[in-house]
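To start, the structure under review is shown below, and the notes come after it.
In the working numbering, the protein residues as written are 403 to 538.
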């Protein structure tokens with residue numbers, strides 16, 4: 403159990419200021435009745451089994467590039483839709499095919515925020531609300 407994380411769920415030593423319910427510690431070692439940890443101030447603590455629960459390590463979520471790019475475009479569309487920016491430009495895609503693979507989702511984003519978009523020759527999208535202002 404060395405190196406695992408535990409969370410305090412019960413405090414048997416009500417006078418100790420070294421730990422509180424909800425604190426999380428890393429286990430240094432074990433003994434027959436529980437675990438040994440160090441408090442934030444470095445004081446060694448021996449905790450009974452009923453005082454803690456093991457904390458499950460969460461794995462980091464992986465965000466694929468496609469989802470990330472759509473998230474960025476969602477933000478740009480929202481800014482244009484709210485009038486914060488008159489126009490916005492997506493990042494430049496590597497190929498026309500890559501840009502066009504997002505078009506269905508781009509249409510949905512633009513509908514969501516009540517804005518327009520146009521595909522540009524240099525493999526990016528431009529987002530806007532007024533075609534006339536775009537020409538200026």
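All C-beta atoms, glycine included, are put in the ideal place defined by N, C-alpha and C.
- Residue 454: member of the beta strand (DSSP E) spanning 454-456, first to last residue.
- Boundaries of the beta strand (DSSP E) around residue 431: 426-433.
- Per DSSP, reduced to three states, the secondary structure at residue 501 is helical.
- Looking at the backbone, the Cα of residue 468 and that of residue 511 are separated by about 14 Å.
- If you check the CB distance, residue 501 and residue 521 come in under 8 Å.
- The secondary-structure analysis by DSSP pairs residue 488 with nothing; it has no beta-bridge partner.
- With a threshold of 16 other beta carbon atoms within 10 Å, residue 462 falls short and is exposed.
- For residue 476, the enclosing alpha helix (DSSP H) starts and ends at 467-483.
- Rounded to whole angstroms, residue 507 and residue 472 show a C-alpha spacing of 8 Å.
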